[in-house]
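Enquirer: Handing you a structure now.
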Ligand code: HEM
């Protein structure tokens, strides 16, 4: 016993660290060199995955400052949520590069600002996250903060939230 | 502010502080305070959560489905011939159940002399209420499915002899309410409709029922509100009332209100209220001011 312990202790320090992912056959995910995104399991792409029908006309797209304004709001919502102690644990465990893109596409599609949505549907994107009502409210507050920073009028903010609120049932899973 | 009121408020603040302070340090605290701003409504004259005069299907406190919420309030109404003061506490459990208590004090001022009660005679009433959210969510879910709640309000008039003297059949009574409330985000408009079964005369301050009419009557409470910002909302309410007493006509109530969340925990509501004729004194229109703290 003592000898075994001593032998273990005396192992040369230069041994390469064990790659446990490899030992257990966990496939290593590599970020795409162009997009910087991690790969995801394949799924069928469709605008229907966005979870809401887009607004008619261009008033909402204009109110949100077109694609540039929408991109700032989507990025900011993700950044605020990553830094939010209430949500950090959920967000930091996922691919924020992809989320910034897909969230932008979803917002842009719903606001009818000229995008297609290429992400997954709301139920499958959130199914293993264990999101609760309090997390949902925290995310809404962060989106509201991002829209306030973007100087979006309150009535337009609410109109947009009105498209997202009915998705709660697919996002809140416990 | 009288001394007992001050004391109860001090005790309330201390109790709220004790519950929330240590909990704030934990990760998922029981008093989670995570409800969206203003979606707990503002306290009504009956101590339930709603729009000030009308009860809504909202649940008091700032908790969500896994937490406990608390709130306390003080309300003053200044009328030409009367003064109203009420205060109370409410607990919200898992945004599902609301339990509340309110004490109402109705100062009859000079009317007290006219009615032979003595100047400044104050009618008092305790209201114990419970509300259960049956379905829906005021903000989330199906856009056309409102939050629906069933409530009971047990009212105990502490001046039953006066109530009987004016012709009331009982000194206490129980109202049943069924409310539907929804925030239509597409228009920033909140709509509430409440059906109330009640025997109460002037909300119970003049007792319940009368010799001639001692059955529960179906009444209606409606509110429409517009959300100006995350913190501000303005609105109007209408509330029908039974007219049981022979000695005095009773009229419907309406009000125009503005509520503002000064902080996440403190909401003030100011309103213009028209309480109609009360105990033969007509045109009781005046100002309503209410402060609510909620966790
Ligand atoms: C109605 C509300 C919500 C909408 C519209 C929404 C929208 C989206 C979209 C478009 C995606 C990308 C799907 C994809 O990668 O294909 C996504 C993923 C994600 N969402 Fe949400 N979301 C909502 C609520 C929430 C909440 C409440 C949380 C957590 C508190 C959350 C956390 C996340 C995370 C961490 C991801 C990344 C998932 C992954 O990479 O596997 N979302 N969401």
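Chains as they are written, first to last, in this note's numbering: chain A, 1 to 174; chain B, 1001 to 1295.
The beta-carbon is built from N, C-alpha and C at its ideal position, and this holds for glycine as well.
Taking the Cβ atom as the reference point for each residue, do residue 1160 of chain B and residue 1173 of chain B lie within a distance shorter than 8 Å?
Expert: The residue you call residue 1160 of chain B lines up with position 160 of the second chain. The residue you call residue 1173 of chain B lines up with position 173 of the second chain. No, these two residues do not count as a Cβ contact at 8 Å.
Enquirer: Within the chosen definition, does the region 154-166 of chain A reach the region 1122-1133 of chain B through at least 3 CB pairs nearer than 8 Å?
Expert: No contact exists between the region 154-166 of chain A and the region 1122-1133 of chain B.
Enquirer: Report yes if the CB atom of residue 60 of chain A is closer than 8 Å to the CB atom of residue 142 of chain A, and no otherwise.
Expert: Position 60 of the first chain, counting from 1, holds the residue named residue 60 of chain A. Position 142 of the first chain, counting from 1, holds the residue named residue 142 of chain A. For residue 60 of chain A and residue 142 of chain A, no; Cβs fall outside 8 Å.
Enquirer: Any C-beta of chain B sitting closer than 8 Å to the C-beta of residue 72 of chain A?
Expert: Here residue 72 of chain A corresponds to residue number 72 of the first chain, with the count starting at 1. Residue contact with chain B for residue 72 of chain A: absent (no Cβ-Cβ distance below 8 Å to any residue of chain B).
Enquirer: Look up residue 1090 of chain B in the DSSP assignment and say whether it is helix, strand or coil.
Expert: Here residue 1090 of chain B refers to the residue found at position 90 when the second chain is read from its first residue. Residue state, collapsed to three classes: strand.
Enquirer: Might you give, ordered along the chain, the residues of its own chain that have their beta carbon closer than 7 Å to the beta carbon of residue 1216 of chain B, omitting 5 neighbours on each side?
Expert: For this step, residue 1216 of chain B is matched to residue 216 along the second chain. Take residue 1216 of chain B, set aside five residues on each side of it, and the residues of its chain with a beta-carbon closer than 7 Å to its own are 1197, 1198, 1199, in chain order.
Enquirer: Enumerate in chain order the residues of its own chain whose CB-to-CB distance from residue 1261 of chain B is below 8 Å, with the five nearest sequence positions on each side excluded.
Expert: By one-based count along the second chain, residue 1261 of chain B stands at place 261. 1037, 1038, 1230, 1231, 1232, 1267, listed in sequence order.
Enquirer: Give the DSSP bridge partners of residue 1124 of chain B, in chain order.
Expert: Here residue 1124 of chain B refers to the residue found at position 124 when the second chain is read from its first residue. Partner(s): B:1105.
Enquirer: Does residue 1284 of chain B get closer than 8 Å to chain A when you measure Cβ to Cβ?
Expert: Position 284 of the second chain holds residue 1284 of chain B. No - not a single Cβ of chain A is within 8 Å of the one on residue 1284 of chain B.
Enquirer: Between the C-alpha atoms of residue 58 of chain A and residue 1138 of chain B, what's the straight-line distance to the nearest angstrom?
Expert: As a position in the first chain, residue 58 of chain A is number 58, starting the count at 1. As a position in the second chain, residue 1138 of chain B is number 138, starting the count at 1. Within the model, the alpha-carbon separation for residue 58 of chain A versus residue 1138 of chain B is close to 29 Å.
Enquirer: Near residue 1284 of chain B, what residues of its chain come up, given a Cβ to Cβ distance below 8 Å and the 5 sequence neighbours on each side ignored?
Expert: Locating residue 1284 of chain B in the second chain gives position 284, where the first residue counts as 1. 1079, 1080, 1081, 1082, 1274, 1275, 1276, 1277, 1278.
Enquirer: Could you tell me whether the Cβ of residue 57 of chain A comes closer than 8 Å to any Cβ of chain B?
Expert: Numbered from 1 along the first chain, position 57 holds the residue referred to as residue 57 of chain A. No, residue 57 of chain A does not count as interfacial toward chain B.
Enquirer: Assign residue 135 of chain A to buried or exposed, taking buried as 16 or more other Cβ atoms, counted over all protein chains shown, within 10 Å of its Cβ.
Expert: Counted from its first residue, the first chain places residue 135 of chain A at position 135. So residue 135 of chain A counts as buried.
Enquirer: So, residue 1092 of chain B versus residue 1112 of chain B, is the Cβ gap smaller than 8 Å?
Expert: Here residue 1092 of chain B corresponds to residue number 92 of the second chain, with the count starting at 1. Here residue 1112 of chain B corresponds to residue number 112 of the second chain, with the count starting at 1. Going by C-beta atoms, residue 1092 of chain B is not nearer than 8 Å to residue 1112 of chain B.
Enquirer: Quick one: grab the DSSP three-state call for residue 1023 of chain B.
Expert: Residue numbering aside, residue 1023 of chain B sits at position 23 when the second chain is read from its first letter. Only weak support exists for where residue 1023 of chain B lies, its pLDDT of 38 falling under 50; the value from the coordinates is given anyway. Here residue 1023 of chain B sits in helix by DSSP.
Enquirer: With a Cβ-Cβ cutoff of 8 Å, do residue 1058 of chain B and residue 1041 of chain B count as a contact?
Expert: The count along the second chain starts at 1 and reaches residue 1058 of chain B at position 58. The count along the second chain starts at 1 and reaches residue 1041 of chain B at position 41. Yes, the pair counts as a contact, with Cβ atoms nearer than the cut-off.
Enquirer: Applying the criterion that 16 or more other CB atoms from any shown protein chain within 10 Å of the CB defines a buried residue, is residue 39 of chain A buried or exposed?
Expert: Along the first chain, read from residue 1 onward, the residue named residue 39 of chain A stands at position 39. With fewer than 16 Cβ atoms within 10 Å of its Cβ, residue 39 of chain A is classed as exposed.
Enquirer: Is any heavy atom in ligand 1 found nearer than 7 Å to the beta carbon of residue 102 of chain A?
Expert: Taking the first chain and counting its residues from 1, one reaches residue 102 of chain A at position 102. For ligand 1, at least one heavy atom lies less than 7 Å from the Cβ of residue 102 of chain A.
Enquirer: Do residue 1182 of chain B and residue 1227 of chain B count as a contact pair if the criterion is CB distance below 8 Å?
Expert: Here residue 1227 of chain B is taken as the residue at index 227 of the second chain, counted from 1. Here residue 1182 of chain B is taken as the residue at index 182 of the second chain, counted from 1. Contact: no.
Enquirer: Tell me which residues share the same chain as residue 47 of chain A and place their Cβ nearer than 7 Å to its Cβ, disregarding the 5 neighbours each side in the sequence.
Expert: Looking up residue 47 of chain A in the first chain gives position 47. Excluding sequence neighbours, residue 47 of chain A sits near 109, 116, 117.
Enquirer: For residue 1287 of chain B, which residues from the same chain have a beta carbon less than 6 Å from its beta carbon, with the 5 sequence-adjacent residues on both sides left out?
Expert: Position 287 of the second chain, counted from the start, is the residue given in the question as residue 1287 of chain B. Taken in chain order, the residues that qualify are 1078.
Enquirer: Quickly, what does DSSP pair residue 79 of chain A with across the bridge? List them, please.
Expert: Indexing the first chain from 1 puts residue 79 of chain A at position 79. Note: residue 79 of chain A sits in no beta bridge, so no partner.
Enquirer: So within the region 1151-1239 of chain B, which uninterrupted beta strand (DSSP E) runs reach at least 3 residues, ignoring any that extend past its ends?
Expert: 1172-1184, 1189-1198, 1217-1227, 1232-1239
Enquirer: Given a limit of 8 Å on CB to CB distance, which residues of the region 103-133 of chain A reach chain B?
Expert: 132, 133
Enquirer: Of all the CB atoms in chain B, is at least one closer than 8 Å to the CB of residue 162 of chain A?
Expert: To locate residue 162 of chain A, count along the first chain from 1; it is residue 162. Interface residue (Cβ-Cβ distance to chain B less than 8 Å): residue 162 of chain A is classified as such.
Enquirer: Using the Cα positions of residue 1126 of chain B and residue 1203 of chain B, report the straight-line distance between them to the nearest angstrom.
Expert: Along the second chain, one-based indexing puts residue 1126 of chain B at 126. Along the second chain, one-based indexing puts residue 1203 of chain B at 203. Roughly 11 Å separates the two Cα atoms.
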